[in-house]
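K.L.:
Residue numbers (this note's numbering): 393 to 661.
Using N, Cα and C, we set each Cβ at its ideal position, and we do this for glycine too.
In this text, all values refer to a predicted model and were calculated from it rather than measured experimentally.
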Amino acid sequence: MSQSPPPIRFHALIPGQRPPARADRSGLGTLPIRAWRYCEAVTTAAGLGWHIFPPAAFRLLFDGQRIWWQCDDVAEDWMPLDDAAQFPGFAQTFDAAAPEEMRGFSPPFLTALPEPGVVQIWTGLLARSAPGWSLLLRRPPNLPPVPGIEIYEGLVETDAWFGPLFTNIRITRTDEPITLRPEWPLLLAQPVPRPAYAEAWLNGAEMVEGLSAMGADEWSGYDAAVVAPARAVHRPGNYAVAARKRRKGEEATGCPFHRAQSLTSAPAP
Numbered sequence: 393m394s395q396s397p398p399p400i401r402f403h404a405l406i407p408g409q410r411p412p413a414r415a416d417r418s419g420l421g422t423l424p425i426r427a428w429r430y431c432e433a434v435t436t437a438a439g440l441g442w443h444i445f446p447p448a449a450f451r452l453l454f455d456g457q458r459i460w461w462q463c464d465d466v467a468e469d470w471m472p473l474d475d476a477a478q479f480p481g482f483a484q485t486f487d488a489a490a491p492e493e494m495r496g497f498s499p500p501f502l503t504a505l506p507e508p509g510v511v512q513i514w515t516g517l518l519a520r521s522a523p524g525w526s527l528l529l530r531r532p533p534n535l536p537p538v539p540g541i542e543i544y545e546g547l548v549e550t551d552a553w554f555g556p557l558f559t560n561i562r563i564t565r566t567d568e569p570i571t572l573r574p575e576w577p578l579l580l581a582q583p584v585p586r587p588a589y590a591e592a593w594l595n596g597a598e599m600v601e602g603l604s605a606m607g608a609d610e611w612s613g614y615d616a617a618v619v620a621p622a623r624a625v626h627r628p629g630n631y632a633v634a635a636r637k638r639r640k641g642e643e644a645t646g647c648p649f650h651r652a653q654s655l656t657s658a659p660a661p
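#1: Does DSSP classify Thr436 as helix, strand or coil?
#2: Nearest to Trp460 by CA position, among Arg573, Pro407, Ala622 and Ile563, is which residue?
#3: Does the pairing of the segment 537-554 with the segment 478-495 give three or more beta-carbon distances under 8 Å?
#4: CB Asn595 to CB Leu505, shorter than 9 Å?
#5: Between the segment 605-616 and the segment 402-420, do three or more beta carbon pairs fall short of 8 Å?
#6: Using the beta-carbon count (16 or more within 10 Å), is Gly419 buried or exposed?
#7: State whether the segment 569-584 contacts the segment 432-452, with contact taken as three or more CB pairs (one from each stretch) at a distance under 8 Å.
#8: Mapping DSSP to helix, strand and coil, what is Pro411?
#9: What is the DSSP secondary structure of Ser612, reduced to helix, strand or coil?
#10: Could you check which residue in Pro480, Gly456 and Ala415 has the C-alpha nearest to that of Asp465?
#11: Less than 9 Å between the C-beta atoms of Trp514 and Pro523, yes or no?
#12: Within 10 Å of its beta-carbon, does Pro398 have 16 or more other beta-carbons around it, so buried, or fewer, so exposed?
#13: Which residue comes first and which comes last in the beta strand (DSSP E) that contains Ala504?
#14: Is it the case that the Cβ atoms of Pro577 and Ala437 are separated by a distance below 9 Å?
#15: Using only the alpha-carbon positions, how far apart do Ile543 and Arg530 sit?
#16: If you compare alpha carbons, which of Ile425, Pro536, Gly456 and Leu473 is closest to Leu580?
#17: For Leu655, which of helix, strand or coil comes out of DSSP?
#18: Where does Phe482 land, buried or exposed, given buried means 16+ other C-beta within 10 angstroms?
#19: Quick one: give me the first and last residue of the alpha helix (DSSP H) that Tyr430 is part of.
#20: Considering only residues of the same chain and omitting the five flanking positions on each side of Phe558, which have a CB-CB separation below 6 Å?
#21: Could you give the C-beta distance for Leu527 and Val548, rounded to a whole number, given that I count them as a contact under 8 Å?
#22: From Gln409 to Ala616, what does the alpha carbon distance come to, in whole angstroms?
#23: Roughly how many whole angstroms lie between the Cα atoms of Ala415 and Ser396?
#24: Tell whether a beta-carbon distance below 9 Å holds between Gly421 and Gln582.
#25: Anyone know if the C-beta pair for Leu473 and Glu568 falls short of 9 Å?
#26: Is Val598 buried or exposed, if buried means 16 or more other CB atoms sit within 10 Å of its CB?
#27: At which residues does the alpha helix (DSSP H) containing Thr485 begin and terminate?
#28: Helix, strand or coil for Trp470 per DSSP?
#29: Starting from Pro621, follow the alpha helix (DSSP H) in both directions and report where the run begins and ends.
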């Protein structure tokens, strides 16, 4: 029996780095217990994707003009990041394994971008997704942010582009080190079907104004979501129960990934 290909395949290139992990619906234990038990919207968002971790513990320092960096894998003190820096020892490892014509082209670990305090960080990963699917690289939702940085989100069409997974960050405080550790996720890699960001789809949204625009279907939906539960005996998490039952029923009819994949072959609405 043939095995279906994985929806996403990560390639971890830096030896010993922590591999991506399925995002945790509890927000790595940081969500309030009521949210974990009853708020399906919050837990689903927290678990939608894979956590991406820094390949090693390192620190960044922005003095207002220059960026400096320091890594646990290097015995040196603060080093200036005026252009780009390789992960310690990785260039040699890359050249030893790469075809001859590709030697010397290992991805930089850190790159200082022209904007003040902005750094590009390589996660140590490459990725290939199933046809029609992309990866949205973003700050992990519903997790406490890493103090002192802002993460720029990026959407990569990893079914067609097999290159390093980078993220850009902006350092928001000066003269105080920012520490990034492999024990805490830096990014969430979130799967996105290509039709979800097609211009025709996004430009097709509508807005209707006023209660007079609510038809029978809309009032029926509001009744099921709000009014009927309010009249019944109060049980926390009605939405969570309904969503889990619906999801369980959908998964019982076949692989949800391949059902969604079949939708990507249809023309965008």
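P.N.:
Judging by the given coordinates:
#1: Against the sequence shown, residue 436 aligns to sequence position 44. In this structure, Thr436 counts as helix in the three-state DSSP scheme.
#2: The sequence position of residue 460 within the sequence shown is 68, counting from 1. For Trp460, the nearest C-alpha among the options comes from Ile563.
#3: Contact between the segment 537-554 and the segment 478-495 is absent, with fewer than three C-beta pairs closer than 8 Å.
#4: As a working mapping, residue 595 is identified with position 203 in the sequence shown. As a working mapping, residue 505 is identified with position 113 in the sequence shown. No, the Cβ-Cβ distance between Asn595 and Leu505 is not below 9 Å.
#5: No, the segment 605-616 does not touch the segment 402-420.
#6: Here residue 419 refers to the residue found at position 27 when the sequence shown is read from its first residue. The residue in question, Gly419, is buried, as its Cβ has 16 or more Cβ neighbours within 10 Å.
#7: Proximity of the segment 569-584 to the segment 432-452 meets the contact definition, three or more beta-carbon pairs being nearer than 8 Å.
#8: Start at 1 with the first residue of the sequence shown, and residue 411 comes out as number 19. Secondary structure at Pro411: coil, using DSSP grouped into helix, strand and coil.
#9: Taking the sequence shown and counting its residues from 1, the one referred to as residue 612 is at position 220. Ser612 carries a helical assignment under DSSP once its states are collapsed to helix, strand and coil.
#10: Against the sequence shown, residue 465 aligns to sequence position 73. Here the closest residue by C-alpha is Pro480.
#11: Taking the sequence shown and counting its residues from 1, the one referred to as residue 514 is at position 122. Taking the sequence shown and counting its residues from 1, the one referred to as residue 523 is at position 131. The answer is no: Cβ separation not under 9 Å.
#12: Stepping through the sequence shown from its first residue, residue 398 is reached at position 6. Pro398 comes out exposed.
#13: Residue mapping note: residue 504 aligns to position 112 of the sequence shown, counting from 1. In this chain, the beta strand (DSSP E) harbouring Ala504 covers Leu502 to Ala504.
#14: Within the sequence shown, the letter at position 185 stands for residue 577. Within the sequence shown, the letter at position 45 stands for residue 437. Taking 9 Å as the cut-off, the beta carbon of Pro577 is found no closer than this to the beta carbon of Ala437.
#15: As a first step, residue 543 is located in the sequence shown; it is residue number 151 there, counting from the start. As a first step, residue 530 is located in the sequence shown; it is residue number 138 there, counting from the start. About 7 Å.
#16: Position 188 of the sequence shown holds residue 580. Restricting attention to Ile425, Pro536, Gly456 and Leu473, the CA atom closest to the CA of Leu580 is found in Pro536.
#17: Counting from 1 along the sequence shown, the entry for residue 655 is found at position 263. Confidence in Leu655 is poor, its pLDDT being 39 and thus under 50, which makes the residue's placement too unreliable to answer from.
#18: Reading the sequence shown from its first residue, position 90 is the one you call residue 482. If you draw a 10 Å sphere on the C-beta of Phe482, you find 16 or more other C-beta atoms in it, and that means buried.
#19: Here residue 430 is taken as the residue at index 38 of the sequence shown, counted from 1. Run containing Tyr430: Ile425 to Tyr430, per the alpha helix (DSSP H) assignment.
#20: Counting from 1 along the sequence shown, the entry for residue 558 is found at position 166. Excluding sequence positions up to five before and after Phe558, its CB lies within less than 6 Å of the CB of Gln512 and Trp514, all in the same chain and listed in chain order.
#21: By one-based count along the sequence shown, residue 527 stands at place 135. By one-based count along the sequence shown, residue 548 stands at place 156. Under the criterion of beta carbons closer than 8 Å, Leu527 and Val548 qualify as touching, at roughly 5 Å.
#22: Here residue 409 corresponds to residue number 17 of the sequence shown, with the count starting at 1. Here residue 616 corresponds to residue number 224 of the sequence shown, with the count starting at 1. Roughly 48 Å between the two C-alpha positions.
#23: For the purposes of this step, residue 415 is taken as the residue at position 23 of the sequence shown. For the purposes of this step, residue 396 is taken as the residue at position 4 of the sequence shown. Approximately 22 Å between the Cα atoms of the pair.
#24: Taking the first residue of the sequence shown as 1, we reach residue 421 at position 29. Taking the first residue of the sequence shown as 1, we reach residue 582 at position 190. Contact flag unset, no.
#25: Within the sequence shown, the letter at position 81 stands for residue 473. Within the sequence shown, the letter at position 176 stands for residue 568. No.
#26: For the purposes of this step, residue 598 is taken as residue 206 along the sequence shown, with counting starting at 1. According to the sequence displayed, residue 598 carries Glu and not Val. Around the C-beta of Glu598, fewer than 16 other C-beta atoms lie within 10 Å, and the residue is accordingly described as exposed.
#27: Start at 1 with the first residue of the sequence shown, and residue 485 comes out as number 93. In the DSSP assignment, Thr485 falls within the unbroken alpha helix (DSSP H) covering Phe482 to Ala489.
#28: Start at 1 with the first residue of the sequence shown, and residue 470 comes out as number 78. The three-state reading of DSSP puts Trp470 in coil, since its state is none of H, G, I, E or B.
#29: For this step, residue 621 is matched to residue 229 along the sequence shown. It spans Ala620 to Arg623 - the alpha helix (DSSP H) in which Pro621 sits, taken as one unbroken run.
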